[in-house]
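Please read the structure below before turning to the comments.
Residue numbers (full-length UniProt numbering): 1 to 1084.
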């Protein structure tokens, strides 16, 4: 009672005097104001804070662990991390790893070129190969189908348990390529010799995954062999020649101007085919290329007027922007090709002299239904005799009246001519230009190594989702003397490198709790970064359209002047510092800190590497010292586990190690049972130290569980520990089947465990709390979405009592929300009066009591549905006042990887016919749409030249990439308590906010008599940033600093340009047309 009396004297009397000064009334000026005693709220907050901290400290064992680390303080040395030395060491390790992958590819190049040189083409060659689509397929009689030989497939854990054949490769042939064509069969035959090299590479480097050869003829040889299955639409649309790794390895960077004829003769299907041809050309352009599109009739018209007189980088966003403008083109007037050609040459010349662009290959793509002249005077003026600008001509339509002129233009300018009669012809004919552009590289015999940007490989999808890859690839050339001047490209070989391989090289324990490593490409795009989000959820996880071209400035967006980005693109080795706002917990919370960035280049690749260390505890590392015997003994405890995604030992180097967990590998390494096992000795020494220091927790937790009575603290379910080395200990106070949150501390809840690129969320947040205090949190929108009804509490353990002390561990508990809330309501019924009669209580209807955290999320409310929601959504008027008073501050955040819902006009037009053509011939949808094409081509000639097209317009909701702005909220640490009121329509709404001691929580008591419905709720909903037309134009024109690829093969004087294309035609057979008509009838 003496303690209560003290509180009474200290807080009740001053507040009572304040009340008298206000005449003790409940009605003022415009209306009523509820009197809420600050001393009462302070008493409740103190009582709840003391109770809940006592429970958290008791069951987490935080004080015991802090004491144990203190006992070992004399055996510990603290070091400041040298960020530059660390990033240089990491870059060197990655360089060696990348070099190893590139050498594997180089061996494939040599083997492929040798095999081709020894092979003599046989037009009558009969060869039964393993067709990846048909292997192990049987007909209705149970016999293996043609090209469907028996192919042994066994699950392999290195390939995420996908059934593979590690002895052989198999072959995929695109749907639109005849799988028994002599060119295909001969290529498959001589490339069979790659099997030995595939296997040898895998033996040398068991960390390799897919190795492959993509042929210029279209077939794709892959090791290890797998069975290819159609996608959800019944389609296998893969063509290796369309892939970025193939195009990047086969050609050099290029500047391209696309000229599209939009004269009156292009009306109808011709214009549709022309647009599809442009779109397919855009697909072949990569991030190192630049382009523009000009439509012409009597006048020239830039498809995007904003970009008049310049070229833009062929990134995904720019290409999609141009595709949208393509739809607006219409055909009319007379085609004046001479004006268009002159504009294209001037444009390429000026852009080249500006120093922007690729400064390598240049090309003009002409898409037209004919040309009335050869325009040799224009070529003589701009392009001869060097012919540095190649001309590629695409004749649209079946007529060949003006084909000779277009072909002459291509042949006279080292280009290629092709005729595109139908939509189905587009893809194959467009790709022909790539092999022309590859000629100088082939003649030079320069096997340039290329690395792609990050992309998603769905084949190796694991339990955590799709896998990010980069590919290293090299071109394969014909070495036959008679074809040297022709520059014959045989194809491209490559191997995939999972980005997680890079992460394994990163010593996460040296980067601190908030530290991380990241890498970018020569274009400034992210290769790996903890904040890269390549997927979004729309029913299921899907790839974002622009995930592979996310710029560093869109993630590290506080670097407004691109200082960090540009220095890394320019391959500098430096340090940079800035204050950052790092979001955690799905972007709902924010940590404000100062980061130091250290960066350098990874030699032999286009990548640059960065390492981030946060100021304060993130800059320091400590070394402990215990014996191997001590450490091994304590590692044997059943409650010990290690971070699965951290690399303590390299278990990929030898197949017999792949089944080992990291903990098992460490035990084998320490006992010396396997000399081949390679481990991080320094990290393991620290793991042993943490295991020894934290070992007493196991006995402590066991004792608590045994002595826990039926009714005491039965809401506490789990106690857990994590250390800076990724070591974890877990103790259950209830049976596993009784856990409220079954996913916590499992791979199903990635935020709660150690990952390759971040510490657990409860660890990161605890590290930013005042030492000795606990941070409490619950899942968002717990009440409304019926999520796991739990509260997680954690606290950090520091080695020393100063800011520079490393955070060595974090401990915590998870308890039932109902248990936590009950403790709160019990505390809120206490009062300091001697007679026990409380003047006010949270049970009273005139007030509402809330418990919120330092980011404004509700943990306790009388209305359970509000639990987990943001306080501003429930009490907008009060939250607004708290912001104005400085108790909370609003922090504006940006998301440049967002997806926004928008309404778009969808049309089912002839343009959609191309994709079904590439599908499996057995697909009914393909049959129906292709039959329409047949009818158009062979029977409805009048419609060809009409100005009409079939379009069924409808509106649909789609998600598209966008930029958004949204707020986060953080409490001001220096303000412990506040009281105030809000002027509403006819009353004043009073409130009191009081910090809960030793926590990140606040008790908020709000007047429930005065309604402030006129105040708009404060939400955290993101708002799309919309750019007006002038700003859009400026963004399109703005060119961020990039670094060009070092190699360029745009021209060679020995090139033989006589092979420059020919007409492509289809001669339909009457039976084919008859079958097509029959299919339409059947499909009805």
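Every residue, glycine too, gets a C-beta built ideally from N, C-alpha and C.
Note that the C-beta distance between residue 696 and residue 58 is not below 8 Å. The region 478-485 and the region 448-456 do not touch, with fewer than 3 CB-CB distances between them shorter than 8 Å.
In this structure the region 412-424 does not lie against the region 500-513, because fewer than three pairs of beta carbons, one per stretch, are closer than 8 Å. Restricting attention to 437, 1015 and 681, the CA atom closest to the CA of residue 1051 is found in 437.
Your pair residue 552 and residue 524 checks out as a contact, with CB atoms roughly 5 Å apart and the cut at 8 Å. In the DSSP assignment, residue 187 falls within the alpha helix (DSSP H) that extends over 182-191. Residue range 876-885 is occupied by the alpha helix (DSSP H) that includes residue 876.
Taking the Cβ atoms as the reference, residue 902 lies roughly 5 Å from residue 960, within the contact range of under 8 Å.
From the listed residues 488, 724, 1025 and 991, the smallest Cα separation to residue 895 is found for 1025.
Taking a contact as a CB-CB distance under 8 Å, the pair residue 243 and residue 171 does not count as one, their CB atoms being some 16 Å apart. For residue 1003, no alpha helix (DSSP H) run applies; the uninterrupted beta strand (DSSP E) run containing it begins and ends at 1001-1007, by DSSP.
Per the C-alpha coordinates, the member of 822, 883, 997 and 1034 positioned closest to residue 967 is 883. Judged by beta-carbon spacing, residue 41 lies within the 8 Å limit of residue 994, meaning their Cβ atoms are closer than that value. Within the same chain, and ignoring the five residues on either side of residue 286 in sequence, the residues whose Cβ sits closer than 7 Å to its Cβ are 244, 247, 248 and 314. If you draw a 10 Å sphere on the C-beta of residue 188, you find 16 or more other C-beta atoms in it, and that means buried. For residue 879 and residue 1008, the gap between their C-alpha atoms comes out near 15 Å. Across the structure, residue 228 and residue 132 are spaced so that their CA atoms are roughly 5 Å apart.
In this chain, residue 418 is not harboured by any alpha helix (DSSP H); it is covered by the beta strand (DSSP E) spanning 416-420. Annotation for residue 609: the continuous beta strand (DSSP E) segment containing it runs 608-614. Annotation for residue 576: the continuous beta strand (DSSP E) segment containing it runs 574-584.
Distance check between residue 722 and each of 640, 742 and 956 places 640 closest, using alpha-carbon atoms only. Three or more beta-carbon pairs drawn from the region 251-265 and the region 347-367 are found closer than 8 Å, and the two stretches are therefore classed as touching. Residue 886 is a Cβ neighbour of residue 975, given a cutoff of 8 Å. Per the C-alpha coordinates, the member of 284, 658, 267 and 384 positioned closest to residue 333 is 267. Judged by DSSP secondary structure, residue 317 falls within the alpha helix (DSSP H) whose first and last residues are 316-326. With contacts defined as CB atoms closer than 8 Å, residue 474 and residue 497 fail to qualify as a contacting pair.
An exposed status is given to residue 1053, since fewer than 16 other beta-carbon atoms sit within 10 Å of its beta-carbon. Counting only the Cα atoms, residue 567 lies some 39 Å from residue 198. In the DSSP secondary-structure assignment, residue 367 is bridged to 260 and 394. Using a Cβ distance threshold of 8 Å, residue 797 and residue 65 count as a contacting pair. When only Cα atoms are considered, residue 799 and residue 83 end up about 22 Å apart.
According to the DSSP assignment, residue 566 belongs to the alpha helix (DSSP H) that extends over 563-569.
With fewer than 16 other Cβ atoms from the protein chains shown falling within 10 Å of its own Cβ, residue 121 counts as exposed. For residue 283, the enclosing alpha helix (DSSP H) has its first and last residue at 269-283.
Inclusion of residue 625 and residue 205 in the CB contact set at 8 Å is not warranted, their separation being larger than that value. Here the region 755-773 makes contact with the region 990-1005; the two share three or more CB pairs at distances below 8 Å.
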